[in-house]
Amino acid sequence: LVFAAGNTYVEGNSGADGVTVLTIQPGATLRFGSGTSLWIGNGDAGGLNAVGTAGERILFTSSAVSPAAGNWNSLRFYQESSTVLSQMKYCTIEYGGATAGVGSLYAYYTAINLENLLIRYSLNEGIYAQSATVNVVNSEIHNTGRQGISVNACTLLVDPTWIHDTSWEAIYTLSSTVLLDQVTVTNVGAARYGLYFDGLTYATVSNSVVEHNFTFTSAAGANTFTTNTFKDFSAYPPSIPADEVGQILFTG
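In the numbering used here, the protein residues as written are 4 to 255.
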């Protein structure tokens, strides 16, 4: 299946239950041309059922003969999509992310579960979400031109996941609720923190290993850090606003 020109929209009422759901079989490859995206649930209900296996992953990639980061745009999940209609497991997304603030996978006013994903070679963010619930499990994100994951006004849950070789922060959050467990962060961009919590973020971080440390700007409420290893204290000392020091609990 080749998506060569123009955006493809998965929405409408052509499905048997009144909803269009695109199902992609294990081992399938979808190739996208320059500037193209797959839009899911934008205006009318729609879903993407992309469930591969460990031995037969589903591949979303560039149609270029010599692919490079940013050859195509993204998978975009909108408010008329949901975890009821969409699921992604054992998928690889590569050479996308042409648009900053969208990344290779974009979620907007929706909820999405991402399991055993590999996102790599994105020109901008690996995952970008706005006012969404994003659950990332057993995944890997690497070689991104901006953050591995960037969210605004979201609920973000990440566990066992490795994020590495990002040009900007591994995870950036703004005014979000964040739960990170067994997250490994390595090789983030120079002068960038591994974890950057901005705005009114509530964070719980446990059992994780983070290079380039972490920083808060104006965090709010209780934040808990349990049994973690933060590296590079001398070059990247934690930055915590004075009024938030008492709101952050370290254990383990």
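Where a beta carbon is used, it is the ideal one built from N, C-alpha and C, also for glycine.
Inter-residue Cα distance where the pair is residue i and residue j
i	j	result
N1	V140	What the structure shows of the chain is the stretch from 4 to 255, and residue 1 is not part of that stretch, so it cannot be assessed.
Q28	K92	11 Å
V2	G129	Here the chain has residues from 4 to 255 only, and residue 2 is not among them.
G100	W171	14 Å
S37	T227	43 Å
T23	K234	47 Å
E83	I122	24 Å
S142	P163	7 Å
Y199	S209	15 Å
A193	V186	20 Å
T95	S40	15 Å
Y112	A135	5 Å
C157	V54	24 Å
E59	G44	26 Å
R34	V137	25 Å
D2	L126	In the structure displayed, the chain extends from 4 to 255; residue 2 sits before or after that span and is not available.
Y175	D201	7 Å
R149	T220	19 Å
L88	A206	29 Å
T169	G49	32 Å
I166	L117	14 Å
T32	F236	43 Å
N146	G46	32 Å
T218	N231	15 Å
I144	P70	18 Å
L120	Q133	20 Å
L288	T204	Residue 288 lies beyond the range of the chain shown here (4 to 255); nothing can be said about it.
A72	G151	14 Å
G30	A103	29 Å
N190	S211	15 Å
DSSP-derived helix/strand/coil call for residue i
i	result
A114	strand
P163	strand
R34	strand
I61	strand
T204	coil
I243	coil
S153	strand
N146	strand
W171	coil
Y196	coil
S178	coil
A48	coil
T56	coil
I39	Before going on, a small fix: residue 39 reads as Thr here, not Ile. Coil.
A7	For A7, the predicted model reports a pLDDT of 48, less than 50, meaning its position is unreliable; a value from the coordinates is still stated below. It is coil, neither helix nor strand.
Inter-residue CB distance, residue i and residue j (contact presumed, cutoff 8 Å)
i	j	result
G106	S77	6 Å
Y81	W42	7 Å
S179	N155	7 Å
Y131	S153	5 Å
G197	V181	Their Cβ separation, rounded to whole angstroms, is 13 Å, which puts G197 and V181 out of contact at 8 Å.
T86	A114	5 Å
Proximity test, residue i beta-carbon vs the ligand PLP heavy atom, cut-off 7 Å
i	result
V154	For the ligand PLP, the structure offers nothing, since it holds no ligand at all.
Which runs of the beta strand (DSSP E) fall wholly inside the region 211–237 and span at least 3 residues, in chain order? Runs of the beta strand (DSSP E) inside the region 211–237: 217–219, 226–229.
Which ranges does the beta strand (DSSP E) cover as unbroken runs of at least 3 residues, wholly within the region 66–135, from first to last along the chain? 78–80, 90–92, 94–97, 108–111, 114–118, 121–125, 130–133
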